[in-house]
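Numbering (this note's numbering), first residue to last: 1227 to 1378. For each residue, glycine too, the CB sits at the ideal point set by N, CA and C. This report concerns only the one structure given below.
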């Protein structure tokens, strides 16, 4: 079996609004977290996150958070990139409880990974339309940090 390799492409720091709690729905405890803005830095892209995106989450019966986010990056060159991300965050109940209170927790204590796709009409960034990316996340009080890697 051949191992999959990856290459770092960017770090996202997204500023987040307070969690909107929708309550228990048929698929779990629904939450929406609006994205207020943020920064993008990396060897292949720099820019900012525009306000208006969100992370639509639900907490599964096993306590894991299913995360699904869509937002827009504006590159330093003025290009727009749509980001679609889906993943999972889970860990020991006491660690997840600390995250819920807004405490910054060592990310090695919990699992937070997403798969990402990009969409852009900018020809200089066309490579982004044809890659799958993965990210390792870290949740903070009013932000999330994602180290994003292109799957080679």
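Item: Residue nearest to residue 1245 in terms of C-alpha spacing, selected from 1272, 1238, 1255; Value: 1255
Item: Cβ contact (3+ pairs, closer than 8 Å) linking the stretch 1282-1298 and the stretch 1310-1328; Value: yes
Item: Whole beta strand (DSSP E) elements within the stretch 1251-1296, 3-residue minimum; Value: 1254-1267, 1273-1275, 1280-1285
Item: Best match in 1279, 1250, 1229 for proximity to residue 1289 [C-alpha to C-alpha]; Value: 1250
Item: Close-in-space but distant-in-sequence residues of the same chain around residue 1358 (CB under 6 Å, 5 per side omitted); Value: 1377
Item: Residue 1248, buried or exposed, once every other Cβ within 10 Å from all chains shown has been counted against 16; Value: exposed
Item: Separation of residue 1265 from residue 1369, as counted between CA atoms; Value: 11 Å
Item: Opening and closing residue of the beta strand (DSSP E) in which residue 1372 lies; Value: 1369-1377
Item: Residues near residue 1355 in its chain [Cβ-Cβ closer than 7 Å; skip 5 each side]; Value: 1344, 1345, 1346
Item: The stretch 1227-1245 in contact with the stretch 1257-1277 per 3-pair CB rule at 8 Å; Value: yes
Item: Residue range of the alpha helix (DSSP H) that includes residue 1305; Value: Per DSSP, residue 1305 belongs to no alpha helix (DSSP H) and is neither H nor E.
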